[in-house]
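Visitor: Structure below; questions to follow.
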Amino acid sequence: MTTDSDQANTTTPADTIIRNAIILDGDPAGFTVDTADDWLAEAGGVVIARGRGSGWQDLSTSARVRTIDAEGAYLVPGYVDIHCHGAGGSSAEDGDDGLDEVLAVHRRHGTRALALSFVSDTIEGLCDSLTTGARLVREKPGVLGLHAEGPFLSPDFKGAHAPEVLTCPTPEAVESILTAADGTLAQITIAPELPGALDAISRFTSAGVSVAIGHTAAGYEEAGRAFDAGANILTHTFNAMSGIHHRAPGPILAAIEAGHVTLELINDGVHVATAPARMLTRLVPGRIALITDAMAATGMADGRYMLGSLPVQVEDSVARLLGEDGSTGSIAGSTLTMEDAVMRAVTEVGMTPLEAVRAASLVPLRALGVIAEDELSLLRVGMPSEHLLLNADMSIRTENMAR
Numbered sequence: 018m019t020t021d022s023d024q025a026n027t028t029t030p031a032d033t034i035i036r037n038a039i040i041l042d043g044d045p046a047g048f049t050v051d052t053a054d055d056w057l058a059e060a061g062g063v064v065i066a067r068g069r070g071s072g073w074q075d076l077s078t079s080a081r082v083r084t085i086d087a088e089g090a091y092l093v094p095g096y097v098d099i100h101c102h103g104a105g106g107s108s109a110e111d112g113d114d115g116l117d118e119v120l121a122v123h124r125r126h127g128t129r130a131l132a133l134s135f136v137s138d139t140i141e142g143l144c145d146s147l148t149t150g151a152r153l154v155r156e157k158p159g160v161l162g163l164h165a166e167g168p169f170l171s172p173d174f175k176g177a178h179a180p181e182v183l184t185c186p187t188p189e190a191v192e193s194i195l196t197a198a199d200g201t202l203a204q205i206t207i208a209p210e211l212p213g214a215l216d217a218i219s220r221f222t223s224a225g226v227s228v229a230i231g232h233t234a235a236g237y238e239e240a241g242r243a244f245d246a247g248a249n250i251l252t253h254t255f256n257a258m259s260g261i262h263h264r265a266p267g268p269i270l271a272a273i274e275a276g277h278v279t280l281e282l283i284n285d286g287v288h289v290a291t292a293p294a295r296m297l298t299r300l301v302p303g304r305i306a307l308i309t310d311a312m313a314a315t316g317m318a319d320g321r322y323m324l325g326s327l328p329v330q331v332e333d334s335v336a337r338l339l340g341e342d343g344s345t346g347s348i349a350g351s352t353l354t355m356e357d358a359v360m361r362a363v364t365e366v367g368m369t370p371l372e373a374v375r376a377a378s379l380v381p382l383r384a385l386g387v388i389a390e391d392e393l394s395l396l397r398v399g400m401p402s403e404h405l406l407l408n409a410d411m412s413i414r415t416e417n418m419a420r
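Right, dumping it as structure tokens:
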């Protein structure tokens, strides 16, 4: 809960004040939606004060201050997508070409920062992509870091990854990846049952990389050992892994029981039906990270696209691998946006508005170690004022995020 006492002691004059809002940010224990009486003041793109009540009036004495009446809207932090392959016709592998459009498409749907996700490639090919990606991380504020989804994946759960490039993690390959990424690798997905995987997990985590378990044939015990070794994310939960069976619990229950693990969820109703998504919400509150797994077709019309080296057919906004005979197969990424994922989390899956916003902002940042585990607010005083105003159905009314 925010009160007028939360107002910062600052001599910096505000340039914008948003009032009559419900701020979905902060300690859930003190959160209330009894009245839209929250306000936030910013200057130069930074939050300088926030509170509840009439305290905003003390900061609006200058005629140069822009005052926005939120009219009861939710005021929330901009979203963060830690698993995103592309949009607007372009993919992470395209490097500079089309990246601005990738970021623009997702920004229009609330994403202020994303991790560029690369599909499996040869070690040499991946390293080339990571070298280019490392430069983009430093040049593009909207790129949070890089995500290597493979090539250390199970051929039995390859999904939309080319089987001929899948391989086991060797110490040499791990070091090559770390060198190429040059400190910008935020996440890597590994199948923990592969020879050398546990050593690779330990090496990546020691280098500050968040390790995700995914595209895996691992059972409950194998996944548990991986989490004990430092892995802290489950890649797109339910997809490309064994399900939950009463005699073979599988990696999902191992992740649920490991309290430090964040569980990614592609919440489009296609990758995961509503009932299991709702079950997950109840089992691991505060540990779900909404992701898009979006590919190049996001924001585009139906048709043929590429995901890495594999052709994809998109029909009714659902992407599937395209066979040589023209038939379609496995789901290949998605065309989901974070706006739709958050909306559906509230209207279909049963998350509260605050839970959904945290799953799209705070939780993903925690999973990558960008913020501390005990951090509760992304719009506190001194933080960048990158925020959204949402309607009651969680659709975006307006956004204010750095370009």
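Per our numbering, the sequence shown starts with residue 18, numbered consecutively. In this text, a Cβ means the ideal position worked out from N, Cα and C, and glycines have one as well.
Exposed or buried, what is ALA422 when buried is set at 16 or more other beta-carbons lying within 10 Å of its beta-carbon?
Guide: This structure gives no information on residue 422, because the portion of the chain shown stretches from 18 to 420.
Visitor: Rounded to whole angstroms, what's the CA-CA distance from THR222 to ALA248? Just pull it up for me.
Guide: Rounded to whole angstroms, THR222 to ALA248 spans 7 Å at the Cα level.
Visitor: Could you tell me the boundaries of the alpha helix (DSSP H) in which LEU116 lies?
Guide: Note, LEU116: alpha helix (DSSP H), 116-125.
Visitor: Hey, is the region 64-73 in contact with the region 267-278, meaning 3+ C-beta pairs nearer than 8 Å?
Guide: No contact exists between the region 64-73 and the region 267-278.
Visitor: Would you identify the three-state DSSP class for ARG81, choosing helix, strand or coil?
Guide: Residue state, collapsed to three classes: coil.
Visitor: With DSSP run on the structure shown, which of helix, strand or coil describes SER259?
Guide: If DSSP states are grouped into helix, strand and coil, SER259 belongs with coil.
Visitor: Starting from GLY320, trace the beta strand (DSSP E) both ways and give me its first and last residue.
Guide: Residues 320-324.
Visitor: In terms of residues, what are the limits of the alpha helix (DSSP H) holding GLU238?
Guide: That run of the alpha helix (DSSP H) goes 237-245.
Visitor: So the alpha helix (DSSP H) CYS144 belongs to, where does it begin and stop?
Guide: That run of the alpha helix (DSSP H) goes 140-156.
Visitor: Is there contact between the region 281-289 and the region 344-355, where contact requires at least three CB pairs shorter than 8 Å?
Guide: Yes, since at least three Cβ pairs between the region 281-289 and the region 344-355 fall closer than 8 Å, the two stretches touch.
Visitor: For the candidate residues GLY367, THR315, VAL398 and VAL329, whose alpha-carbon lies nearest to that of ARG125?
Guide: That would be THR315, whose Cα lies nearest to the Cα of ARG125.
Visitor: Among residues of its own chain, excluding the 5 on either side of GLY346, which ones have a beta-carbon nearer than 7 Å to its beta-carbon?
Guide: Within the same chain, GLY346 has close Cβ partners ARG337, LEU338 and GLY340.
Visitor: Kindly give me the distance between the Cβ atoms of HIS232 and LYS175, rounded to whole angstroms, as I take these residues to be in contact under 8 Å.
Guide: Yes, HIS232 and LYS175 are in contact; Cβ-Cβ is about 6 Å, under 8 Å.
Visitor: Tell me, to the nearest whole angstrom, how far the beta carbon of LEU161 is from that of LEU131; I am working on the premise that it is less than 8 Å.
Guide: Correct: roughly 6 Å between the Cβ atoms.
Visitor: As an exercise, report each continuous beta strand (DSSP E) stretch of at least 3 residues that is fully enclosed by the region 329-362, in chain order.
Guide: Runs found: 335-339 and 345-348.
Visitor: By a C-beta neighbour count over all protein chains shown, 10 Å radius and 16 as the cutoff for buried, is ASP138 buried or exposed?
Guide: The residue is buried, with at least 16 neighbouring Cβ atoms inside 10 Å.
Visitor: What does CYS101 pair with, by DSSP beta-bridge criteria?
Guide: Note: CYS101 sits in a beta bridge opposite LEU133.
Visitor: Can the beta-carbon of ASP333 be found less than 8 Å from the beta-carbon of THR364?
Guide: Taking 8 Å as the Cβ cut-off, ASP333 and THR364 do not qualify as a contacting pair.
Visitor: Among the candidates THR33, LEU163, CYS185 and ILE308, whose CA atom is the shortest distance from the CA of PRO209?
Guide: Here the closest residue by C-alpha is CYS185.
Visitor: With a threshold of 16 other CB atoms inside 10 Å of the CB of PRO94, please say whether the residue is buried or exposed.
Guide: Buried is the call here.
Visitor: Which two residues bound the contiguous alpha helix (DSSP H) that contains ASP310?
Guide: First-last for ASP310: undefined, no H or E at that position.
Visitor: Looking only at its own chain, which residues have a Cβ that is under 6 Å from the Cβ of SER394, when we skip the five neighbours before and after it?
Guide: Hits under 6 Å: ASP42 and GLY43.
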